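1 is the number of the first residue of the sequence shown in my numbering; add one for each residue after it.
As structure tokens, the structure follows; a few thoughts come after it.
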Amino acid sequence: DRRFAYRGFSKALEIAKQYQLDIIHTQTEFSLGLLGIWIARELKIPVIHTYHTQYEDYVHYIAKGMLIRPSMVKYLVRGFLHDVDGVICPSEIVRDLLSDYKVKVEKRVIPTGIELA
1 DRRFAYRGFS KALEIAKQYQ LDIIHTQTEF SLGLLGIWIA RELKIPVIHT
51 YHTQYEDYVH YIAKGMLIRP SMVKYLVRGF LHDVDGVICP SEIVRDLLSD
101 YKVKVEKRVI PTGIELA
């Protein structure tokens, strides 16, 4: 999910129509996430998103930290999540982080880990 290609957008929409989808679930904020939002809007169906990554910890990998700074992450994430109908958070920590980012959409915690005790 590193490259952004438009060629497949219309084909993806065609497939989504064939399956008569009633909801879209995205799990990345990049090209496939944007595609999911676009298809959901075209089909007038809800889109939910699972937010996995605390990007502040990883921005130094993108152009050696020169392109995106940790302080920019909340604005980028908030902008992306503005266009979804709900967010699944794998932990309360992530839910609280998104609340700190002022993400307004409904957030639900669905843990993805396992209990070791």
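A virtual CB, placed ideally from N, CA and C, is assigned to each residue, including glycine.
This structure is a prediction, so every number in the text was calculated from the model and none was measured.
Measuring CA to CA, which of the options is closest to residue i?
i   : options                 : result
D22 : E42, E29 and D83        : E42
Y19 : Q54, I39, S31 and L98   : I39
A16 : I45, E29, Q27 and S31   : I45
V73 : I114, K104, Y55 and E92 : Y55
S10 : H60, L35, K102 and Y75  : L35
L81 : L97, A12 and L67        : L97
A12 : L67, K107, I37 and I68  : I37
T26 : K104, T50 and G65       : T50
Assuming residue i is part of the beta strand (DSSP E), what are its boundary residues?
i    : result
G113 : Taken as a continuous stretch (DSSP letters only), G113 belongs to no beta strand (DSSP E), as it is neither H nor E.
G65  : Unbroken run through G65: none, as it is neither H nor E.
In terms of residues, what are the limits of the alpha helix (DSSP H) holding residue i?
i   : result
G33 : S31 to L43
V84 : Per DSSP, V84 belongs to no alpha helix (DSSP H) and is neither H nor E.
R95 : E92 to D100
So, under 8 Å CB-CB, residue i and residue j are touching, yes? Tell me the CB distance rounded to an integer number of Å.
i   : j    : result
G86 : I48  : 4 Å
V52 : P111 : Just to set this straight, residue 52 is His in the shown sequence, not Val. That pair is no contact at about 13 Å.
V84 : R95  : In fact, because the Cβ distance is near 15 Å, the residues do not count as touching under 8 Å.
P70 : V77  : Not really, about 12 Å apart at Cβ, beyond 8 Å.
In the DSSP assignment, what are the bridge partners of residue i?
i   : result
T26 : H49
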